[in-house]
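The next block holds one structure in the form of structure tokens; read it before the comments.
Residue numbers (UniProt numbering), protein chains in the order written: chain A, 1 to 311; chain B, 1 to 301.
So, in structure tokens, the structure goes:
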């Protein structure tokens, strides 16, 4: 069961509080969960609350934080770079994730049958998703979409003179969208596993009833896959909102040209760790957390209307 | 839910009966040929950038801007020797730094996440559903929302520009994705095995070490492989915690390289990029089975 469905069905589970072995287990749980409890307090939950506090302060790391109320939050509304970074991130998330998932689903459907060379194709499509987040690939992208890069060399064979894609404000973000679509392999693997779990008898029954393959696709494959589509959608949206490395390397840390690749997390890094506006960066981080939570909650609410659960 | 352990290796590759009738066999063969052509074309497009980077890394610098093809006209391996010594330290220094952090992280995740997963899968304790929900939620927590206070904490401890901020949290089970992965796996191990062991007088420690761990090698392998790749590629936290060139890891060193040299040395930049990708590629090559099953398992009921 995926983490998501696990969370939504958690209430159905019993606490098991009246088990006779509970007392002994309680002590053992401290042993087994000890490291996790410490990590939760020191590394996760503690810092989470601390950053909430810092988001209401003016803090430069060198002097003590000064409490300034909601000023960091109100300042965001009038910060044009922050608004720009939200726009850049929104475009990236809402364009690249659907394209990436469509590619993943399309390829998974092409690969589903026990065809010759399946393992080889699967590897070829999967490999980029393991490498895509690295600095090395971002460097490669910077060259490929540069003025004299690979894309323009290929275009010139056809007599087309290309742009410096990464250095043009209208195109730079698109090159990063292409990069994210290129990493469709991981969701593709999840789709492949999902396709495998659709009972063969559904198709057999449909064939006997005379359903065409197209009809079978729309009435069996897609509905049975909707939980997987939902899972991939939620995870990829959350991941895309936090994109940093590629934009940082391709733009040399600036988010340029003309802030066209100023992702939200990149601006957060600039504010927090380049300008030492730690209070403002913390407020930005909380905005990111809230946006992530709202988007995920919205996804769960909307899922009632399109996700089909067989049980 | 437990296909990580139960399905045979070939499960993803087993043929599925074709639904097309006998009379359209010729038609179906044409379709299959067309499908292979589409897949090969797509595969070439997907891998071309990687292959081109590999080929460019052995081309003279100016050829990178002229030759979109894969076969170099001239072989020039000097990019590798130049790139290796282009920064303050030889590239092996950064490879070693990355390796230390990766090995520490793998070890930390294996130990701490397996321990935590055993508690969630097998023990009864107060507020277990609440703790479990907290664990699941932390999977989705963006690192950005904790990084500033973490930075303050680690600088108070004098840990900035050491590997400790990158490794110690792994020993505290902060990568809860892997706890979840192992909980899933442990739940698939029959409880009768524990009960039989308990009748023989075994405690939780022995059950954990002598039953759960030996039976969970695939899940441990998946954890180790994903931790390896994600830590090796990780840039954000290494950029923040390591600012001293002595402590730079491969991604941070590469970033310094690209910012300091510009277009004049793409060849050596590509050469070192290839070097940085080799470990991930090798892990992919030898661990693919666990990678594929690992991500498939987490997404499937």
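We put the CB at the ideal spot given by N, CA and C, even for glycine.
Worksheet item: If we cut at 9 Å on Cβ distances, does residue 128/A have a partner in chain B?
Response: It does; some Cβ of chain B falls within 9 Å.
Worksheet entry | Cutoff 9 Å: residue 239/B Cβ touching any chain A Cβ | Answer yes: the Cβ-Cβ gap between residue 239/B and chain A drops below 9 Å somewhere.
Item to complete: Please go through the same chain and pick out, in chain order, the residues whose beta-carbon is closer than 8 Å to the beta-carbon of residue 103/A, but skip the five residues on each side of it.
Response: When the five nearest sequence neighbours on each side are left out, the beta carbons in the same chain lying within less than 8 Å of the beta carbon of residue 103/A are those of 181, 184 and 188, in order along the chain.
Discussion item. Does chain A have any CB closer than 9 Å to the CB of residue 52/B?
Written reply: Against chain A, the CB of residue 52/B has a partner CB under 9 Å away; the residue lies at that interface.
Fill in: Ordered list of alpha helix (DSSP H) runs contained in the segment 13 to 84 of chain A, each at least 4 residues
Counting only unbroken stretches of 4 or more residues, the alpha helix (DSSP H) elements lying wholly within the segment 13 to 84 of chain A are 22 to 39, 46 to 54 and 71 to 77, in sequence order.
Discussion item. Quick check: the Cα distance between residue 23/B and residue 230/A, rounded to an integer number of angstroms?
Written reply: Note that residue 23/B scores a pLDDT of 47, beneath 50, so its modelled location is shaky and nothing firm can be said.
Worksheet item: Mind checking whether residue 34/A and residue 126/B have CB atoms under 9 Å apart?
Response: It is not a contact, given that the beta carbons lie outside the stated cut-off.
Discussion item. Could you check whether the segment 280 to 288 of chain B touches the segment 219 to 238 of chain B, counting it as contact only if at least three pairs of C-beta atoms, one from each stretch, sit closer than 8 Å?
Written reply: As far as the Cβ criterion goes, the segment 280 to 288 of chain B touches the segment 219 to 238 of chain B, which means the pair count is three or higher.
Worksheet entry | Residue environment, residue 60/A, which counts as buried when at least 16 other CB atoms sit within 10 Å | Exposed: under 16 other Cβ atoms inside 10 Å.
Discussion item. Taking 9 Å as the threshold (C-beta atoms), are residue 308/A and residue 221/A in contact?
Written reply: Not closer than 9 Å, so no.
Worksheet item: Leaving out the 5 sequence neighbours to the left and right, which residues in its chain are closer than 8 Å to residue 163/A when beta-carbon positions are compared?
Response: Result list for residue 163/A: 147, 152 and 171, in chain order.
Worksheet item: If you draw a straight line from the alpha carbon of residue 22/A to that of residue 181/B, how long is it in whole angstroms?
Response: Only weak support exists for where residue 22/A lies, its pLDDT of 47 falling under 50; the value from the coordinates is given anyway. Cα to Cα, residue 22/A sits roughly 25 Å from residue 181/B.
Discussion item. Here's a check: name, in chain order, each residue in its chain whose Cβ is nearer than 7 Å to the Cβ of residue 203/A, leaving out the five neighbours to either side.
Written reply: Here residue 203/A has 216 and 220 as same chain residues with Cβ atoms under 7 Å from its own Cβ, once five neighbours each way along the sequence are excluded.
Fill in: Proximal chain B residues relative to residue 254/A, where beta-carbon distance stays under 7 Å
For the C-beta of residue 254/A, not a single chain B residue is nearer than 7 Å; the gap to the nearest is close to 10 Å.
Discussion item. Rounding to the nearest angstrom, what Cα-Cα distance links residue 55/A and residue 67/A in this structure?
Written reply: Roughly 9 Å separates the two Cα atoms.
Item to complete: Given a cut-off of 9 Å, decide if residue 46/B and residue 191/A are closer than it, judged by their beta-carbon atoms.
Response: Taking 9 Å as the Cβ cut-off, residue 191/A and residue 46/B do not qualify as a contacting pair.
Discussion item. Any contact between the segment 243 to 256 of chain A and the segment 131 to 148 of chain A? By contact I mean 3 or more CB pairs, one from each, below 8 Å.
Written reply: Touching, yes, given that three or more Cβ pairs across the two stretches are closer than 8 Å.
Worksheet item: Which residues in the same chain have their Cβ closer than 7 Å to the Cβ of residue 228/A, if we skip the five residues on either side of it in sequence?
Response: For residue 228/A, where only same-chain residues beyond five positions count, the Cβ hits under 7 Å are 190, 191 and 194.
Fill in: Selection from 139/B, 259/B and 243/B that minimises the alpha carbon distance to residue 44/A
Ranking the options by Cα distance to residue 44/A, first place goes to 139/B.
Item to complete: Could you tell me the distance, in whole angstroms, from the CA atom of residue 21/B to the CA atom of residue 49/B?
Response: Only weak support is given to the placement of residue 21/B: the predicted model assigns it a pLDDT of 47, under 50, and the value that follows is read from those uncertain coordinates. Distance between the alpha carbons of residue 21/B and residue 49/B: 41 Å.
Practice prompt. Take the Cβ of residue 74/B as the centre, count every other Cβ of all protein chains shown within 10 Å, and call the residue buried at 16 or more, exposed below.
Written response: For residue 74/B, the number of other beta carbons within 10 angstroms of its own is below 16, and it is reported as exposed.
Worksheet item: Under the rule that 16 or more other beta-carbon atoms within 10 Å means buried, what is residue 305/A, buried or exposed?
Response: It is exposed - the Cβ of residue 305/A has fewer than 16 other Cβ atoms within 10 Å.
Worksheet item: Which chain B residues are close to residue 370/A, counting only those with a beta carbon under 7 Å from its beta carbon?
Response: Nothing in the structure corresponds to residue 370/A, since chain A is present only between 1 and 311.
Worksheet entry | Bounding residues of the alpha helix (DSSP H) (the contiguous stretch that carries residue 165/A) | First-last for residue 165/A: undefined, no H or E at that position.
Worksheet item: Which value, in whole angstroms, describes the spacing of the CA atoms of residue 269/A and residue 105/A?
Response: Distance between the alpha carbons of residue 269/A and residue 105/A: 34 Å.
Fill in: Anticipated Cβ contact below 8 Å, residue 85/A with residue 263/A, distance rounded
Sure, about 6 Å apart at Cβ, within 8 Å.
Worksheet item: CA-CA distance, residue 134/B and residue 194/B?
Response: Using only the alpha carbons, I get a separation of about 27 Å.
Practice prompt. Since I believe residue 253/B is in contact with residue 87/B (beta carbons under 8 Å), could you give me their beta-carbon distance rounded to a whole number of angstroms?
Written response: The pair is a contact, with the Cβ atoms about 6 Å apart (cut-off 8 Å).
Practice prompt. Name the two residues that bound the continuous alpha helix (DSSP H) containing residue 159/B.
Written response: Per DSSP, residue 159/B lies in no alpha helix (DSSP H) and is assigned neither H nor E.
Practice prompt. List the residues of chain B whose Cβ lies closer than 9 Å to the Cβ of residue 175/A, in chain order.
Written response: Those do not exist, as residue 175/A stays about 12 Å from chain B at its closest Cβ, beyond 9 Å.
Worksheet item: Looking at chain A, which residues of the segment 194 to 220 of chain B have a Cβ within less than 9 Å of any of its Cβ atoms?
Response: Across the segment 194 to 220 of chain B, CB contacts with chain A closer than 9 Å involve 203, 204, 205 and 208, in sequence order along the chain.
Worksheet item: Where does the unbroken alpha helix (DSSP H) through residue 202/B begin, and where does it stop?
Response: Premise fails: residue 202/B is in no alpha helix (DSSP H) and is neither H nor E.
Discussion item. Taking the alpha-carbon of residue 115/B as reference, which of 73/A, 110/A, 111/A and 37/A has the nearest alpha-carbon?
Written reply: Put simply, of 73/A, 110/A, 111/A and 37/A the residue whose alpha carbon is nearest the alpha carbon of residue 115/B is 37/A.
Item to complete: Answer yes or no: do residue 236/A and residue 143/A have a C-beta to C-beta separation smaller than 9 Å?
Response: In this structure, residue 143/A does not lie closer than 9 Å to residue 236/A by Cβ.
Worksheet item: Taking the alpha carbon of residue 259/A as the point to measure from, which residue in 297/A, 212/A, 274/A and 173/A has its own alpha carbon closest?
Response: Of 297/A, 212/A, 274/A and 173/A, the smallest CA-CA separation from residue 259/A is found for 173/A.
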